[in-house]
Each structure stands twice: as C-alpha cells, then as structure tokens.
Amino acid sequence: MGMMDYKEKVYSLVKQIPKGKVTTYGAIAKKLSMSPRTVGYALHVNPYEGKVPCHRVVNRDGRIAPSFAFGGSEIQKELLEKEGVKFRDEMHVEKDNIITI
DNA sequence: CCGTTGACCAGGC
DNA sequence: GGCCTGGCCAACG
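Start counting the first sequence at 6; every next residue gets the next number (our numbering).
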C-alpha cells in the first residue's frame, strides 16, 4: 500500500461500513481529522463506483445525498433499502441504522 | 490571488 | 423536527 492521499483514506474507511448500516460524514471526518465538507467532496468525486459503498454515508440528520453522484437520491435510497435500511421518509433513514464506526 | 461552491457540522432558537 | 448562523476547506474559474 503506497501513499494514500486524503481521498483514499476516506474510501478505505467507507469500505468498512457494514451492509445494512450507515455512518455520517462527520464521523468519518472526525476519525481522519479532516473537515466534514472535505469528506463530502471526496465522496462526490469518488471514482470507484461499485467498489466503495458511498451510498452508506448520510448526514448528521440521517438525510441521504440530495445529489448522489451515481443516479441521484432515489438510487441511493434503493441501494440502502435493498440492504435492509429502513427509511423515515423519502430523504431520511431511521436513525437506529446510523453507526459511528 | 480572489470569489464562489458544496453529498457538512455544531449550536442556538 | 425545522430554520439560521458561523465555521470549515478542497476545488474550480
């Protein structure tokens, strides 16, 4: 494993989120000592569709991404529901799905 | 070198 | 829960 820039650190952490659970940008940011915005940016430009489960990251309120990079929030919702994540409404997961990792 | 943008957050009300 | 504010910071033009 060579040098990891900040984005790769984010991706390797996201890969550890178990199926059926989600975590927050802030939790990842805190663990990597970076700003939550930077985590959001890294996922926005994530080049590893299918390799990094970026659909398992939500904001502090449990809200999914309004402009999820791979097909919009509807796709993110589908991916999560397929894994058993329950939703409170169209844009929010039930908070008991959120883990801190 | 700015000014702006954005998959954010903490805290207050 | 919602709405604001101030803070945050990489990237882009």
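Think of the CB as a built atom: it goes at the ideal place given N, C-alpha and C, for glycine as much as any other residue.
Assuming residue i and residue j form a contact by the criterion Cβ under 8 Å, report the distance between their Cβ atoms to the nearest whole angstrom.
{"i": "M39", "j": "Y16", "result": "At roughly 13 Å, the Cβ-Cβ gap does not stay under 8 Å, so M39 and Y16 are not in contact."}
{"i": "H97", "j": "R68", "result": "5 Å"}
Which stretch, first to last residue, makes up the alpha helix (DSSP H) that contains residue i?
{"i": "I80", "result": "78 to 87"}
{"i": "E13", "result": "11 to 19"}
{"i": "R65", "result": "R65 -> no alpha helix (DSSP H), and no H or E assigned at all."}
{"i": "H60", "result": "Segment: none, H60 is in no alpha helix (DSSP H) and carries neither H nor E."}
{"i": "A32", "result": "30 to 37"}
So is residue i buried or exposed if we call it buried at 16+ other beta carbons inside 10 Å?
{"i": "F75", "result": "exposed"}
{"i": "Q21", "result": "exposed"}
{"i": "K87", "result": "exposed"}
Looking at residue i: is its Cβ nearer than 7 Å to the Cβ of residue j?
{"i": "R65", "j": "G31", "result": "yes"}
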